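Structure first, commentary second.
Protein chains: 2
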Amino acid sequence: MRGQMKFGLNIPTKLVFGAGELKNLSAMTLPGKRALIVISAGTSMKKHGYLDMLVEQLDKAGVAHTTFDKISPNPTHAHVMQGSQVCLDHQCDFVIGLGGGSSIDTAKAIAITAAMGGDFWDYVSGGTGGGKPVERALPIVAIPTTAGTGTEVDLWGVVTNETTHEKMGFGSPHIFPTLAIVDPELMMSVPPRLTAYQGFDAFFHAAEGYISRAHTPISDLYALEAIRLLYKYLPVAVADPANRWARIKVAWASTLAGMVESTSCCTGEHAMEHALSALKPELPHGAGLIALSGHYFKAFKNDSMKRYMKMAEKMRQVKSARPSDFLDALEVMKRACAVDDVRLADWGFTGADAEALADNAIATGSAMLDLDPRFLTREEIIQIYIDTINA
Amino acid sequence: MRGQMKFGLNIPTKLVFGAGELKNLSAMTLPGKRALIVISAGTSMKKHGYLDMLVEQLDKAGVAHTTFDKISPNPTHAHVMQGSQVCLDHQCDFVIGLGGGSSIDTAKAIAITAAMGGDFWDYVSGGTGGGKPVERALPIVAIPTTAGTGTEVDLWGVVTNETTHEKMGFGSPHIFPTLAIVDPELMMSVPPRLTAYQGFDAFFHAAEGYISRAHTPISDLYALEAIRLLYKYLPVAVADPANRWARIKVAWASTLAGMVESTSCCTGEHAMEHALSALKPELPHGAGLIALSGHYFKAFKNDSMKRYMKMAEKMRQVKSARPSDFLDALEVMKRACAVDDVRLADWGFTGADAEALADNAIATGSAMLDLDPRFLTREEIIQIYIDTINA
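Structure representation (structure tokens):
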């Protein structure tokens, strides 16, 4: 692919972006008459009134609805199966994911399982997944309340199998949301620390997608703009959570980074993080990425020199002459977002975990590791984990 | 909309980009079993073997086909109606436009008329068009053999009513092509002069979309990249038509500029050009735009100062401090593409035409004129025509 400029682009999702847009949902074309609403088991969707807002709009549109509110921060195979049953029991003809990545990803998994039948894990490829093709899915409406995953405009989801300790990505063109409503108003209540974790998740979707062997001219365009926006506005949103303009910019950058995931692909950093949070589900995904990023990106600074310099230029808005400028800018950004203190040891990881983590990452994430700018050996992956844990 | 960052994005077209990709068509998912192929009345699709290549691929895929080869450079209402009849007579279930914008735009118009019934002009809005809603269209496959219109990834078409002398745009989300194959190999045979005219059409889609009141964060991204690429590579493709890399870059820039048309909108320059080529159909669209551009863009240099400077920076890759830098860079680019000699007088226009041209532009293109950075009065439009004709 590289050097030949052959690539595809297909993001069929209809995106509606803007503060306050959820309140216009009843005027939009919805893909069914009976919705399953998927939200987390936490209280925030109810406390902040987002669920009420959605329900009011559905009622106004004459769309029936049932709510499944069992989703945990790392959505599980069991929840997917429960949700699919609720979906079938109520004969829902589309699924709405309202919340963070876990709710929307579960909505995607339910959309597959309810339409295809059988066990969700049959449709997961890699690891112990059954690898069956996804031939159809119920239509999905994605309404993110965090700025990070980009799942509202991509064809991916992540679900954890709690029995096998696998945190697995799954993907299909059938799970592009039909409609994505990105309303930064719904993100104003995210506290600073989570804002930073989620924003860095988006940042790494862009940065990984940019250095990925799967990069394309269109993913490059999305990635560099997301990197520029996040470097500039994420520290503002963290320091001043009420800053609406910064929230809007971070939300847009997160959606752009999701479009990177649909036109390029994440690399080994994401595979390595999934192994971390599969082992310790209480580790936030973004925190795991932040911890890994220093040693992960150092590994390729001589393999992707021009791209590191280009990222540094977008961040600092000055010419770069050294790939390490990107590594320096990344550390500056972590300090500016007050997440330079993230240490895996705080979640109980020790150097003794490194081998098992590497083996899990390779078993479940080889598709992403294969897209690294240079192929990392098992020993190198272990060393990145050790260096990260000892940091 | 401006200052609030509210916008939508929805380009459902599946794009396949790359030299040689037409030869992979039989392996792609096609939207039907019986195709109407729409090509121009000229000889180039046959002479260069592009039609044979397409037919071979359709045969391989087991897709039946009928060819309608009547399209003129400015496609007419009469051809749309003839083509629609052929489509119905052969019970075609999708339409393939192979060629320049005229063939693809006619394919779009046929897709509407064959699906909706009645007269095509009923579905045109503005001018003498009937303004009926387009509720459906046959699926469309777009295979451009020129780099300019961007119609392969947009929801617009242009057709001339030869009775009323109206060159009218029409649009509907239903006419986004289902599949767009952008194969720069098919563009290698375009002669230098036409390469320049078509490339400037793409350039102005990007530049107009960038200064348009309808601009959005995503259209800005597409527009600036198209502007950068065309300034750099269009002169190379014009000077050295066999330069494959330049052809590839220009093709991609043209598609990006088409994505600008789907996320922002053209402005008054396009409305004013349509009036020119409605009156003198032998005037190439790109030549009309090139002729108008100097005086048209000069009109807004104090209204869209930051955007003019940003475009100049993308073109010259140095900081800009004056909006007129864009006007200067545009003239440099015209000279580099050897089209600084385009004069409307050569097509027989005289100052006496100016009033009628302005009235036609206002009657048929007010939707685009309304998106100019500043509202132009009828007198100002007349003056731009006079200055252009007298240049």
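Taken in sequence, the protein lines are chains A and B.
Once you know that position 78 of the first sequence is 78 in the working numbering, the rest is easy, because the numbers rise by one and skip nothing.
In the working numbering, each residue's number is its place in the second sequence (first place is 1) plus 1000.
Beta carbons are placed, not taken as given, at the ideal position from N, Cα and C, and that holds for glycine.
The model shown is predicted, which means the values in this text are computed figures rather than measured ones.
The CB of residue 6 of chain A comes closer than 9 angstroms to the CB of 1016, 1017, 1018, 1019, 1020, 1021 in chain B, given here in chain order.
Judged by beta-carbon spacing, residue 1126 of chain B lies within the 8 angstroms limit of residue 1364 of chain B, meaning their Cβ atoms are closer than that value. The beta carbon of residue 351 of chain A sits closer than 7 angstroms to the beta carbons of 386, 389, 390 from its chain, once the five residues preceding and following it are set aside; these are given in chain order. Just so you know, the alpha carbons of residue 1070 of chain B and residue 58 of chain A end up roughly 49 angstroms apart. As a beta-bridge residue in DSSP terms, residue 40 of chain A pairs with A/71. At a C-beta separation below 7 angstroms, residue 1221 of chain B has these neighbours in chain A: 221, 225. By alpha-carbon distance to residue 1024 of chain B, the top candidate from B/1004, B/1056, B/1231, B/1045 is B/1056.
Look at the beta carbons and you see the segment 283 to 303 of chain A not touching the segment 178 to 189 of chain A: under three pairs across the two are nearer than 8 angstroms. With a contact defined as Cβ atoms closer than 8 angstroms, residue 1264 of chain B and residue 1219 of chain B qualify at about 4 angstroms. In this chain, the alpha helix (DSSP H) harbouring residue 78 of chain A covers 77 to 89. Counting every other CB atom within 10 Å of its CB across the protein chains shown gives residue 1149 of chain B a total of 16 or more, marking it as buried. The three-state reading of DSSP puts residue 1319 of chain B in coil, since its state is none of H, G, I, E or B.
Annotation: the continuous beta strand (DSSP E) that includes residue 1144 of chain B extends over 1140 to 1144. Taking a Cβ-Cβ threshold of 7 angstroms, the residues of chain B close to residue 10 of chain A are 1014, 1015, in chain order.
Residue burial annotation: residue 1242 of chain B is exposed, with fewer than 16 other C-beta atoms found within 10 angstroms of its C-beta. Scanning B/1343, B/1158, B/1061 for the CA closest to the CA of residue 1073 of chain B turns up B/1158. About 5 angstroms separates the beta carbons of residue 1266 of chain B and residue 1208 of chain B, which is inside the 8 angstroms limit, making them a contact pair. In the three-state scheme derived from DSSP, where H, G and I count as helix and E and B as strand, residue 199 of chain A is classed as helix. At a Cβ-Cβ threshold of 8 angstroms, residue 124 of chain A and residue 168 of chain A count as neighbours. Closer than 7 angstroms at the C-beta level to chain A, one finds no residue of the segment 1087 to 1120 of chain B. Residue 38 of chain A is a Cβ neighbour of residue 95 of chain A, given a cutoff of 8 angstroms.
For residue 1292 of chain B, the enclosing alpha helix (DSSP H) covers residues 1285 to 1298. For residue 1031 of chain B, there are no C-beta contacts with chain A under 8 angstroms, since the nearest C-beta of that chain is about 13 angstroms from it. The beta carbons of residue 323 of chain A and residue 301 of chain A sit closer together than 8 angstroms. Cα atoms of residue 1251 of chain B and residue 60 of chain A: separation of roughly 46 angstroms, rounded to the nearest angstrom.
Not one beta carbon of chain A lies nearer than 8 angstroms to the beta carbon of residue 1140 of chain B. Rounded to whole angstroms, the separation of the alpha carbons of residue 143 of chain A and residue 65 of chain A is 15 angstroms. Scanning its chain for C-beta atoms nearer than 8 angstroms, with the 5 sequence neighbours on each side dropped, one finds around residue 1366 of chain B the residues 1126, 1271, in chain order. Residue pairing from DSSP places residue 161 of chain A in a beta bridge opposite A/166.
In this chain, the alpha helix (DSSP H) harbouring residue 235 of chain A covers 217 to 239. Any Cβ of chain B closer than 8 angstroms to the Cβ of residue 217 of chain A would place that residue at the interface, and such an atom is present. Take residue 355 of chain A, set aside five residues on each side of it, and the residues of its chain with a beta-carbon closer than 7 angstroms to its own are 382, in chain order.
For residue 156 of chain A, the closest Cβ of chain B is not nearer than 8 angstroms.
Between residue 160 of chain A and residue 106 of chain A, the gap from beta carbon to beta carbon reaches 8 angstroms or more.
Here DSSP, grouped into helix, strand and coil, assigns residue 1007 of chain B to strand.
If you compare the alpha carbons of A/371, A/19, A/281 with that of residue 211 of chain A, the shortest gap goes to A/371.
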